[in-house]
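*Asks:* 514 is the number that the working numbering gives the last residue of the sequence shown; the numbers go up by one with no jumps.
Just so you know, even glycine gets a beta-carbon here, dropped at the ideal spot from N, CA and C.
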Amino acid sequence: MDEYIVEMRHITKRFPGIIANDDVSIGIRQGEVFALLGENGAGKSTLMSMLFGMYRPDLGEIYVRGEKVDFHSANDATAKNIGMVHQHFKLVDNYTIAENIVLGVEPMTRKLGFLPAVNMKEANREIEKLSKEYGLEVNPRNLIEDVPVSVRQRVEILKMLYRQAEIMIFDEPTAVLTPSEIEFLLKIIDSLRKAGKTIILITHKIEEIKQIADRCAILCRGKLVDVLDVNSASAQEMANMMVGREVDLVTHKSEPHIGKEVLNVQGLTVLDENKFPVVKDVSFCVRAGEIFAIAGVSGNGQTQIADAVCGLEEAAQGSITLNGQDITHTSIRKRAERGISYIPEDRQSTGTVMDFQLSENLALRRYGREPYSKKGILNFTKIRENAEELIDRYDIRCAQGPKTIMRSMSGGNQQKAIIGREIEEHSDLIIFVQPTRGLDIGAIEKIHNQILAERDRGAAILLISLELSEVMELADTIGVIFSGEMLKIAPASELTRNEVGRYMMGVKEA
Ligand SMILES: Nc1ncnc2c1ncn2[C@@H]1O[C@H](COP(=O)(O)OP(=O)(O)O)[C@@H](O)[C@H]1O
Ligand SMILES: [Mg+2]
Numbered sequence: 005m006d007e008y009i010v011e012m013r014h015i016t017k018r019f020p021g022i023i024a025n026d027d028v029s030i031g032i033r034q035g036e037v038f039a040l041l042g043e044n045g046a047g048k049s050t051l052m053s054m055l056f057g058m059y060r061p062d063l064g065e066i067y068v069r070g071e072k073v074d075f076h077s078a079n080d081a082t083a084k085n086i087g088m089v090h091q092h093f094k095l096v097d098n099y100t101i102a103e104n105i106v107l108g109v110e111p112m113t114r115k116l117g118f119l120p121a122v123n124m125k126e127a128n129r130e131i132e133k134l135s136k137e138y139g140l141e142v143n144p145r146n147l148i149e150d151v152p153v154s155v156r157q158r159v160e161i162l163k164m165l166y167r168q169a170e171i172m173i174f175d176e177p178t179a180v181l182t183p184s185e186i187e188f189l190l191k192i193i194d195s196l197r198k199a200g201k202t203i204i205l206i207t208h209k210i211e212e213i214k215q216i217a218d219r220c221a222i223l224c225r226g227k228l229v230d231v232l233d234v235n236s237a238s239a240q241e242m243a244n245m246m247v248g249r250e251v252d253l254v255t256h257k258s259e260p261h262i263g264k265e266v267l268n269v270q271g272l273t274v275l276d277e278n279k280f281p282v283v284k285d286v287s288f289c290v291r292a293g294e295i296f297a298i299a300g301v302s303g304n305g306q307t308q309i310a311d312a313v314c315g316l317e318e319a320a321q322g323s324i325t326l327n328g329q330d331i332t333h334t335s336i337r338k339r340a341e342r343g344i345s346y347i348p349e350d351r352q353s354t355g356t357v358m359d360f361q362l363s364e365n366l367a368l369r370r371y372g373r374e375p376y377s378k379k380g381i382l383n384f385t386k387i388r389e390n391a392e393e394l395i396d397r398y399d400i401r402c403a404q405g406p407k408t409i410m411r412s413m414s415g416g417n418q419q420k421a422i423i424g425r426e427i428e429e430h431s432d433l434i435i436f437v438q439p440t441r442g443l444d445i446g447a448i449e450k451i452h453n454q455i456l457a458e459r460d461r462g463a464a465i466l467l468i469s470l471e472l473s474e475v476m477e478l479a480d481t482i483g484v485i486f487s488g489e490m491l492k493i494a495p496a497s498e499l500t501r502n503e504v505g506r507y508m509m510g511v512k513e514a
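1. DSSP three-state call for Ala463: helix, strand or coil?
2. Which runs of the beta strand (DSSP E) at least 3 residues long sit entirely within the stretch 47-120? Give them in chain order.
3. Does the beta carbon of Asp399 fall short of 7 Å from some heavy atom of ligand 2?
4. Please report the straight-line C-alpha distance between Gly505 and His333, rounded to a whole angstrom.
5. Quick check on the DSSP output: what are the complete alpha helix (DSSP H) runs of length 4 or more inside the stretch 377-448, in order along the chain?
6. Give me the residue from Leu107, Val254, Gln321 with the minimum Cα distance to Asn128.
7. Would you grab the beta carbon distance between Thr113 and Leu63 for me? Rounded to a whole angstrom, and I think it's under 8 Å.
8. Could you check what DSSP says for Ser487 in three-state terms: helix, strand or coil?
9. Any idea if Ile445 is buried or exposed, counting beta-carbon neighbours within 10 angstroms, 16 or more meaning buried?
10. Note down the Cα distance separating Arg3 from Arg373, rounded to an integer number of angstroms.
11. Looking at the structure shown, is Ser469 part of a helix, part of a strand, or coil, going by DSSP?
12. Are the beta-carbon atoms of Glu426 and Ile309 separated by less than 8 Å?
13. Thinking just about the alpha-carbon of each residue, which of Ile331, Glu389, Val313, Ala299 is nearest to the one in Leu499?
14. Work out the CA separation of Ile465 and Gly263 for me, nearest whole Å.
15. Looking only at its chain, what residues have a beta carbon closer than 7 Å to the beta carbon of Arg33, apart from the 5 residues adjacent to it on each side?
16. In this structure, how does DSSP classify Gly510 when only helix, strand and coil are distinguished?
17. Taking C-alpha atoms, which residue in Gly424, Tyr371, Arg167 lies nearest to Glu393?
18. Is there at least one non-hydrogen atom of ligand 1 closer than 7 Å to the beta-carbon of Ala24?
19. Is the CB-CB distance between Gly322 and Gly271 below 8 Å?
20. Of all the options Leu162, Ala463, Met410, which has the alpha carbon lying nearest to the alpha carbon of Val357?
21. Does the distance between the C-beta of Asp175 and the nearest non-hydrogen atom of ligand 2 fall short of 7 Å?
22. CB of Ser49 to nearest heavy atom of ligand 2: below 7 Å?
23. Output needed for Thr82: all residues of its chain with C-beta closer than 6 Å, excluding positions within five of it in sequence on either side, in chain order.
24. Among all the DSSP beta bridges, which residues are the ones paired with Asp330?
25. Mind reading off the beta-carbon distance from Ile434 to Ala463? Whole number of angstroms is fine, and I expect it under 8 Å.
26. Using the three-state DSSP reduction, which class does Gly505 fall into: helix, strand or coil?
27. With DSSP run on the structure shown, which of helix, strand or coil describes Asn304?
28. Below 7 Å, is the gap between the Cβ of Gln91 and the nearest heavy atom of ligand 2?
29. Is it buried or exposed, Ile482, if we count other Cβ atoms within 10 angstroms and call 16 or more buried?
30. Alpha carbon to alpha carbon, how far is Gly35 from Asn85?
31. Measuring from the CB of Phe19, is there a heavy atom of ligand 1 at a distance below 7 Å?
32. Can you tell me whether Asp150 is helix, strand or coil according to DSSP?
33. Given this structure, state the Cα-to-Cα distance separating Asp26 from Asn278, to the nearest angstrom.
34. Candidates Ala221, His261, Gln419, Ile105: which alpha carbon is nearest Glu349's?
35. With H, G and I counted as helix, E and B as strand and the rest as coil, what does DSSP make of Phe188?
36. For Asn123, which of helix, strand or coil comes out of DSSP?
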């Protein structure tokens with residue numbers, strides 16, 4: 005028993021209609037980075053919320069430093085030196101960084117010798133000391149609402165340190181960070197480990213585990229699959245265990261059969277609301293059977309190109325033709341009818357109506373046509389049948405079938421629904437913007453295969469992705485955008501990952 009600083013034995017936790025944790029037993033060693041790997045909904049957050057005192061297990065026992073505990077609140081866990089950084093940070097926006105860190109455990113002083121008051125001077129000193137010690141630079145006087153996500157996360161870590169946490173739980177900490185911020189965070193975690201802290205890292209990203217963790221527990225649909233030594237397990241093994249089936253980490257792509265030109269964009273310029281050009285004189289074409297991927301760092305104009313092609317943004321200059329027909333000033337609906345499908349970046353506001361049923365969302369593209377409606381009257385039987393078919397074909401998991409309200413579904417399943425609906429239009433041009441953002445590997449694999457299948461059917465695909473690995477895996481042709489300009493267009497086979505990365509940073513000739 006002494007081998008473990010934390011032991012969770014036979015933990016079961018039920019929520020209405022679901023067993024979130026089913027007889028899970030894990031032991032965590034002092035001073036290790038212990039990863040908890042699993043797809044969305046596998047039960048990772050639930051398990052750790054019990055260790056942090058936010059839920060109580062229905063069955064099972066928790067031991068901390070060999071002693072059985074029964075936490076009723078997070079305060080109980082804090083008293084045992086356990087801290088947690090939640091997936092959605094829990095900070096007070098209009099408080100300063102220092103106020104957030106000391107909230108609830110403020111050092112006190114006496115004003116005029118007798119009035120109790122918070123000793124912010126001492127708090128600031130202590131915070132400064134901790135920031136220096138762990139390389140977590142912050143300005144304690146800044147308001148939370150004024151600082152970016154990466155700094156808020158540092159505040160959460162400082163908050164744990166300030167409360168003298170020895171066991172630190174991080175719930176999907178990298179989900180909100182950019183690649184360089186991720187690197188930085190992993191270094192911080194490493195230095196916490198070196199300082200003797202025990203780290204529990206929840207994630208669904210295997211590469212992060214490979215990089216930082218000592219051991220890894222894999223959860224799949226509420227059950228513990230295995231606990232592995234990270235060094236001796238392959239990424240492939242971990243992926244299979246996590247998804248519960250054989251997954252392909254390598255995309256199998258056949259030679260493209262490139263056909264006629266479908267989309268032609270010439271000299272496109274798009275202005276933002278201040279009349280500032282965000283897309284500058286961009287030209288490219290996408291042919292049938294081809295995946296044309298636009299690579300670039302977020303905010304360099306790529307979404308505006310997609311929006312201009314489907315009609316959500318206006319072209320200030322230039323022309324857009326689809327199958328030889330000028331559509332530069334055609335309405336959104338007409339463009340869609342002429343053969344454009346669009347999977348937008350923001351699946352919650354542009355792609356769907358969140359408070360509508362799944363069946364209605366799946367009919368959004370077709371309710372105006374027979375057999376889904378006739379003379380303006382909707383045929384609800386056909387709309388339901390359409391939904392049942394797509395739920396089945398695209399493996400959309402929904403609690404109440406076609407009647408499920410879109411908002412209640414997980415992000416991955418919302419995305420499957422949108423992709424299914426758009427693919428079923430059999431359009432000549434399909435635009436995918438960030439199609440796999442935030443999804444786990446099982447879902448990513450399926451979506452990549454669907455994109456390739458559409459390309460092989462003969463569709464022209466415009467793919468916009470911030471994930472360089474996604475671009476490198478799928479693209480036949482790559483265009484790199486920087487600051488609104490298309491710096492380079494070349495066949496994917498002629499560009500290395502590093503070259504694309506350099507163009508993404510604005511280096512013109514590699
Ligand atoms: N408070 C809750 N009420 C009802 N169901 C919940 C609650 N929290 C989690 N669940 C369900 O329990 C399952 C596991 O969720 P979670 O632990 O958040 O998974 P993960 O963190 O691995 O993505 C999911 O099906 C989720 O919908
Ligand atoms: Mg979670």
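*Replies:* In this structure, then:
1. coil
2. Listed in chain order, the beta strand (DSSP E) elements of length 3 or more contained wholly in the stretch 47-120 are 63-68, 71-73, 86-89, 112-115.
3. Not under cutoff, so the answer is no.
4. 34 Å
5. 384-397, 415-427
6. Leu107
7. Actually they are not in contact, since the Cβ atoms of Thr113 and Leu63 sit about 47 Å apart, beyond 8 Å.
8. coil
9. Classification for Ile445: buried.
10. Absent from the model: residue 3. The displayed extent of the chain is 5 to 514, so no value can be given.
11. strand
12. no
13. Among Ile331, Glu389, Val313, Ala299, the Cα nearest to that of Leu499 is on Ala299.
14. 12 Å
15. Glu7, Tyr8, Ile9
16. coil
17. Gly424
18. yes
19. yes
20. Met410
21. yes
22. yes
23. Arg167
24. Thr325
25. 5 Å
26. helix
27. Residue state, collapsed to three classes: coil.
28. yes
29. buried
30. Each residue's alpha carbon lies about 14 Å from the other.
31. Checking the Cβ of Phe19 against ligand 1 gives yes.
32. helix
33. 55 Å
34. When Ala221, His261, Gln419, Ile105 are compared, the shortest CA-CA separation from Glu349 is found for Gln419.
35. The three-state secondary structure of Phe188, taken from DSSP, is helix.
36. coil
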